[in-house]
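One structure below.
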Amino acid sequence: MDQERVRRGATALPHLVVAVSEQLPFADGAFDVVLLHEVLEHVRDDRATLGEAGRVTKPGGRIVIYCPNRLYPFETHGIFLGKRYVYGNIPLVNYLPGRLRKRLVPHVRAYTRRGLRRLFTGLGVTPIVHTCVFPGLDNLAARSAAASSILRRVLYPLENTPLGNFGLSHFVVLEKRR
């Protein structure tokens, strides 16, 4: 399925490829910017993926990361209850101890600020932005523009307060050292 999508997309983007994130098929320093948008939580080795992102980024280039925040009060990827998968925003799962959370959500990670910073320590990058952002509420907007508008007006200003630590995703910009 991914191969077919890439084949179709390659007509507009000729350098589009399917690759394992821990072994990218690009030369060192090939890109000015690498975007990891909701990627890290799904890969086999998140640190190796960041290492590869750093390898293919030019010195002075940027790596932009969005990944789930462990402090967000909902698990948005769903959970497994035994063999049954329950999809949706499940409250308070992210606040469970790590082992229990991993049992319910074995298919995806969520990061604390400290845990995320540990991942890129020693990889030759410098964090220049690290904040948390609240959800875009696009699905809600499709059902109720008024409700999403109200929530956005309430939540988005909170990103610049200590309550921003409870946002949906970490937003991190790393700069590769020269």
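Here the sequence shown is numbered in the numbering used here, starting from 3 and rising by one per residue.
Idealized CB from N, CA, C, for every residue including glycine.
Just so it is clear, the structure is predicted and the values come from calculations on it, not from any experiment.
The stretch 135-149 makes contact with the stretch 163-172; the number of CB pairs closer than 8 angstroms reaches 3 or more. Your pair T123 and R179 does not check out as a contact, with CB atoms roughly 13 angstroms apart and the cut at 8 angstroms.
Put simply, of E77, I67 and R101 the residue whose alpha carbon is nearest the alpha carbon of R49 is I67. With respect to the 8 angstroms criterion, L52 and L121 are classified as neighbours on the basis of their beta carbons. By the Cβ-count criterion, N71 is buried, with 16 or more other Cβ atoms from all chains shown falling within 10 Å of its own Cβ.
A direct Cα-Cα distance of roughly 25 angstroms separates E24 from L106. Within the model, the alpha-carbon separation for L176 versus G63 is close to 8 angstroms. When the Cα atoms are used, K85 and P108 turn out to be separated by approximately 12 angstroms.
Where K178 is concerned, the enclosing beta strand (DSSP E) starts and stops at S171 to K178.
Assignment of F82 by DSSP, reduced to helix, strand and coil, places it in the strand class.
V58 and L38 have their alpha carbons spaced roughly 13 angstroms apart.
The closest CA to that of V22, considering only R111, Q5, L83 and N91, is found on Q5. Secondary structure of R154 (DSSP, three-state): helix.
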